[in-house]
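Colleague:
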Amino acid sequence: MAQLRRPPGGRDARIMLLAQFLDRAGTGVWAAASVLYFTFVLGLDAGRIGLLLGAAAVAGIAGSPLAGHLAGRFPVRSLLIGCHLLRLGTLGALLVVTRFDVLLPVVAVTYLGDRAAKTLEMLFATRVAGERRSTYQALSRSTANAGYALGAGLAAAGLAVGTREAYQALILANAVSFLAAAVLVRRTREPRDPGRVAAGTGEPDAKAVAAAEEETEAEAAARPSGAPSPWRDRGYLRFVLLDIPMHLDDSILAVGLPLWLVDHTDAPHALVPAFLVINTVLVVVLQLRVSAAVEGPRRAAGAVFLYGLTMCACCVLLALTAGAGAGAASVGLLAAAVLATAAELMRSVSSWELAVSLAPARARASYLGVAGMAQSVQKSAGPLLLTGVMVAGPAGWLALGAAVAALSAVQRRSAVRRLDALSVAPAPPAPARPHAAR
Numbered sequence: 141m142a143q144l145r146r147p148p149g150g151r152d153a154r155i156m157l158l159a160q161f162l163d164r165a166g167t168g169v170w171a172a173a174s175v176l177y178f179t180f181v182l183g184l185d186a187g188r189i190g191l192l193l194g195a196a197a198v199a200g201i202a203g204s205p206l207a208g209h210l211a212g213r214f215p216v217r218s219l220l221i222g223c224h225l226l227r228l229g230t231l232g233a234l235l236v237v238t239r240f241d242v243l244l245p246v247v248a249v250t251y252l253g254d255r256a257a258k259t260l261e262m263l264f265a266t267r268v269a270g271e272r273r274s275t276y277q278a279l280s281r282s283t284a285n286a287g288y289a290l291g292a293g294l295a296a297a298g299l300a301v302g303t304r305e306a307y308q309a310l311i312l313a314n315a316v317s318f319l320a321a322a323v324l325v326r327r328t329r330e331p332r333d334p335g336r337v338a339a340g341t342g343e344p345d346a347k348a349v350a351a352a353e354e355e356t357e358a359e360a361a362a363r364p365s366g367a368p369s370p371w372r373d374r375g376y377l378r379f380v381l382l383d384i385p386m387h388l389d390d391s392i393l394a395v396g397l398p399l400w401l402v403d404h405t406d407a408p409h410a411l412v413p414a415f416l417v418i419n420t421v422l423v424v425v426l427q428l429r430v431s432a433a434v435e436g437p438r439r440a441a442g443a444v445f446l447y448g449l450t451m452c453a454c455c456v457l458l459a460l461t462a463g464a465g466a467g468a469a470s471v472g473l474l475a476a477a478v479l480a481t482a483a484e485l486m487r488s489v490s491s492w493e494l495a496v497s498l499a500p501a502r503a504r505a506s507y508l509g510v511a512g513m514a515q516s517v518q519k520s521a522g523p524l525l526l527t528g529v530m531v532a533g534p535a536g537w538l539a540l541g542a543a544v545a546a547l548s549a550v551q552r553r554s555a556v557r558r559l560d561a562l563s564v565a566p567a568p569p570a571p572a573r574p575h576a577a578r
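The sequence shown maps to residues 141 to 578 in my numbering.
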């Protein structure tokens, strides 16, 4: 609570964190109710719902690079307000749309706006929080999870009623959350880039900003025309590609654990909600502590390898639950949920810190937009991958764990090499020393 009262970035950060809390609360409502709304209110079958959510996931992949591209040309604050209002409009349309051919683009645009908004929030944080961005990210994660939990609770109340009007009220609540978030974001000031923070104050360091502006003007003539493109930066694209499997904890918690419990263990089905409870509570309680331990790009690179080892241990536990008794399987599944959450805690900081640190400062917006694709691609491909893993049985989990651990080692080595390369800068020529008068 003390960190929330004085977050890195001061007043603007406080307002943005509140906006994110309301945004995620509305998103939690929609996530819990959307499939049931499509099924019981709109009468869609499983095939059409799968096509609808698949198209939305693909549209979400485009949201991050699009937001990064636009953020290099337009104010981040205005773009974020636009994303909130865009989703307000599409969710309002859901209240009257019944045809599937119209519903498909409406839901796709909603998800595109959702991913774009998350990228813009990340870029806002890098500018207002400066070097303390890992602390801001921890606060953001904690408030987001608290918002999701609140939204899921509100959805549970609406789903218990189960009428068409109750479902529509849940959609309206989500739309109102976007309107409230847009109003709050409008109260912030457009963050300056670079947004360095004065130590201990939480406010932008005017001297640092002025120095950076002077440096930019002095170096402008020496720089090549045009900002670098992330699409031609092989080293950064390698980082983004390897970052996709570093987000598999999300699909394991949401898809892998529940399906494995139901199809391959004797554990009680009532255990499934406990996975979400464990994840939400641990993220809210521990995210700040983990972020403090993983602060800085070098530590973030080391945390990537720890992520791989933790995910490997999680997969081994899941493999061991097959054929075990109900009690042993329950303990193993709960322990796997704890390990997956521990991996998420490390990944949420390390992935974001490296995405920022490995990008050139003058093209950070477009680079972060491309980096945001990793999570979107995982959300699309992860559930399909885990379906294949579960078909293979325990051997599939063991293979997945080994693969993630190996790729995490590759990611760590690749990130360290790029950090070393970025830290090497040509030394400025020494000024000529005047000869002493004889």
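Glycine residues also receive a C-beta, built at the ideal position from the N, C-alpha and C atoms.
Keep in mind the model is a prediction, meaning the values are calculated, not measured.
State buried or exposed for PRO408, treating a residue as buried only when at least 16 other CB atoms are found within 10 Å of its CB.
Modeller: It counts as exposed.
Colleague: At what residues does the alpha helix (DSSP H) containing ALA221 begin and finish?
Modeller: First, the amino acid is wrong: residue 221 is Ile here, not Ala. Looking at the DSSP string, the run of the alpha helix (DSSP H) that includes ILE221 is 216-234.
Colleague: Tell me the residue span of the alpha helix (DSSP H) that contains PHE161.
Modeller: 150-176 is the span of the alpha helix (DSSP H), which, as asked, contains PHE161.
Colleague: Hey, is the stretch 403-421 in contact with the stretch 461-468, meaning 3+ C-beta pairs nearer than 8 angstroms?
Modeller: Yes: at least three Cβ pairs fall under 8 angstroms.
Colleague: Decide if the stretch 288-301 is in contact with the stretch 165-174; the criterion is three or more beta carbon pairs, one per stretch, under 8 angstroms apart.
Modeller: The answer is yes - the stretch 165-174 touches the stretch 288-301, with three or more Cβ pairs under 8 angstroms.
Colleague: Nearest-angstrom Cα distance between VAL529 and TRP537?
Modeller: Near 6 angstroms, if we compare the C-alpha coordinates of TRP537 and VAL529.
Colleague: Restricting to Cα atoms, I'd like to know which of ALA539, VAL517, GLU271 and VAL169 is closest to ASN285.
Modeller: Of the candidates ALA539, VAL517, GLU271 and VAL169, the one whose C-alpha sits nearest the C-alpha of ASN285 is VAL169.
Colleague: Answer yes if the stretch 246-256 comes into contact with the stretch 199-208, meaning at least three C-beta pairs across the two stretches below 8 angstroms, and no otherwise.
Modeller: Counting Cβ pairs under 8 angstroms, three or more are found: they touch.
Colleague: By alpha-carbon positions, which one of ILE392, ILE418 and ASP152 ends up nearest to ALA526?
Modeller: The sequence given here has Leu at residue 526, not Ala. Of the listed residues, the one whose Cα sits closest to LEU526 is ILE392.
Colleague: Per DSSP, what kind of secondary structure is ALA361 in: helix, strand or coil?
Modeller: Below a pLDDT of 50, predicted positions are generally treated as unreliable, and ALA361, at 36, falls in that range; the measurement from the model is reported next regardless. If DSSP states are grouped into helix, strand and coil, ALA361 belongs with coil.
Colleague: Between GLY183, ARG329 and LEU228, which has its C-alpha nearest THR167's C-alpha?
Modeller: Selected option, being the one with the closest Cα: LEU228.
Colleague: Going along the chain, which residues of its own chain have a beta-carbon closer than 8 angstroms to the beta-carbon of LEU157, five neighbours each way excluded?
Modeller: LEU144, PRO147, LEU279, SER280 and THR283.
Colleague: Is the beta carbon of LEU219 less than 8 angstroms from the beta carbon of LEU260?
Modeller: It is a contact, given that the beta carbons lie within the stated cut-off.
Colleague: Terminal residues of the continuous alpha helix (DSSP H) containing ALA582?
Modeller: Missing from the structure shown is residue 582; the chain here goes from 141 to 578 and no further.
Colleague: Determine the extent of the alpha helix (DSSP H) in which ARG213 is found, giving its start and end residues.
Modeller: ARG213 -> no alpha helix (DSSP H), and no H or E assigned at all.
Colleague: Going by other Cβ atoms of all chains shown within 10 Å of its Cβ, with 16 needed for buried, is ALA159 buried or exposed?
Modeller: Flag for ALA159 reads buried.
Colleague: Judging by CA-CA distance, which residue of PHE180, ALA505, ARG378 and SER317 is the nearest neighbour of ILE221?
Modeller: Measuring from the Cα of ILE221, the nearest candidate turns out to be SER317.
Colleague: With DSSP run on the structure shown, which of helix, strand or coil describes ARG146?
Modeller: The answer is coil: DSSP assigns ARG146 none of H, G, I, E or B.
Colleague: Please go through the same chain and pick out, in chain order, the residues whose beta-carbon is closer than 6 angstroms to the beta-carbon of THR250, but skip the five residues on each side of it.
Modeller: Here the set comprises ARG227 and THR230.
Colleague: Answer with buried or exposed for PRO370, where buried requires no fewer than 16 other C-beta atoms within 10 angstroms of its C-beta.
Modeller: So PRO370 ends up on the buried side.
Colleague: By DSSP, does VAL349 sit in helix, in strand, or in coil?
Modeller: Residue placement at VAL349 cannot be trusted, given a pLDDT of 39 that sits under 50; the coordinates are not used to answer.
Colleague: Answer yes if the stretch 436-444 comes into contact with the stretch 416-428, meaning at least three C-beta pairs across the two stretches below 8 angstroms, and no otherwise.
Modeller: They do not touch, by the three-pair rule.
Colleague: Give the straight-line distance between the Cα atoms of ALA195 and SER516, rounded to the nearest whole angstrom.
Modeller: Near 12 angstroms, if we compare the C-alpha coordinates of SER516 and ALA195.
Colleague: Does the Cβ of THR303 have 16 or more other Cβ atoms within 10 Å, making it buried, or fewer, making it exposed?
Modeller: By the neighbour-count rule (16 or more Cβ atoms within 10 Å), THR303 is not buried but exposed.
Colleague: Could you check the C-alpha separation between PRO566 and SER506 for me, to the nearest Å?
Modeller: With a pLDDT of only 48 at PRO566, under the threshold of 50, the placement of this residue in the model should not be trusted; the figure read from the coordinates follows. Those two C-alpha atoms are separated by around 25 angstroms.
Colleague: Mapping DSSP to helix, strand and coil, what is ASP254?
Modeller: ASP254: helix per DSSP, three-state reduction.
Colleague: In the structure shown, what three-state DSSP assignment does THR481 receive?
Modeller: The answer is helix: DSSP assigns THR481 an H, G or I state.
Colleague: Let me make sure I understand the geometry here. Which of CYS452, LEU235, LEU381 and ALA309 has the alpha-carbon closest to that of ALA542?
Modeller: It is CYS452.
Colleague: Looking only at its own chain, which residues have a Cβ that is under 8 angstroms from the Cβ of ILE418, when we skip the five neighbours before and after it?
Modeller: Counting only Cβ-Cβ distances below 8 angstroms, and skipping sequence neighbours, we find LEU474, ALA477, VAL478 and THR481.
Colleague: Report all residues from its chain with a CB closer than 7 angstroms to the CB of LEU399; omit the five preceding and five following residues, and keep chain order.
Modeller: Same-chain partners within the cutoff: MET530.
Colleague: Roughly how many angstroms lie between the CA atoms of THR341 and THR275, to the nearest whole one?
Modeller: Residue confidence is low: THR341 scores 37 on pLDDT, short of 50, so the model does not pin down where it sits. Its coordinate-derived value is still stated next. Their backbone Cα atoms lie some 14 angstroms apart in a straight line.
Colleague: Quick check on the DSSP output: the alpha helix (DSSP H) that includes ALA306 runs from which residue to which?
Modeller: Residues 304-326.
Colleague: Between ALA265, SER488 and CYS223, which lies nearest to ASP163 when the distance is taken from Cα to Cα?
Modeller: The shortest C-alpha separation from ASP163 is found at CYS223.
Colleague: Considering just the uninterrupted stretch of the alpha helix (DSSP H) at PRO437, what are its terminal residues?
Modeller: First-last of the alpha helix (DSSP H) with PRO437: 437-461.
Colleague: Look at the alpha carbon of ALA295 and the alpha carbon of TYR288, and state the distance between them as a whole number of angstroms.
Modeller: Spanning the two alpha carbons is a distance of roughly 10 angstroms.
Colleague: Are SER520 and LEU382 touching if we call contact CB-CB under 8 angstroms?
Modeller: No, they are not a contact pair.
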